[in-house]
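Sequential numbering of the sequence shown, starting at 566, is according to our numbering.
All C-beta atoms, glycine included, are put in the ideal place defined by N, C-alpha and C.
Take a look at the structure set out below.
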Amino acid sequence: MYVQLLFFEKVSHTVKDGVKNLGNSKTRNDFEAEIKILFKTLRELQLSIQNFNQLQRSIFCF
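Below is the structure:
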């Protein structure tokens with residue numbers, strides 16, 4: 566559980582930094598690169614949540 570919380574905190578900071586960087590993008594390529602990083606980070610978060618939920622279900626099935 567603690568590891569999961571650390572991961573969520575890291576993702577939160579990554580997303581905040583990414584949004585801030587979007588505002589500082591000077592070119593379209595910079596903007597697109599930041600969007601790709603944000604989507605990748607959010608996808609990792611989604612997979613992590615799914616894995617966590619699956620782990621919880623398997624633990625509480627006993």
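Own chain partners of residue i with C-beta closer than 6 Å, once the 5 adjacent residues on each side are dropped
i       : result
Gly-583 : Glu-599, Ile-602, Leu-603
Local conformation of residue i per DSSP, three classes
i       : result
Thr-592 : coil
8 Å contact criterion, which residue i and residue j should meet: CB distance rounded
i       : j       : result
Leu-587 : Phe-573 : Not quite, the Cβ-Cβ distance comes to about 21 Å (not below 8 Å), so this is no contact.
Residues near residue i in its chain [Cβ-Cβ closer than 8 Å; skip 5 each side]
i       : result
Val-580 : Leu-603, Thr-606, Leu-607
Nonlocal neighbours in the same chain, by C-beta distance under 7 Å from residue i, ignoring five residues either side
i       : result
Leu-610 : Val-576
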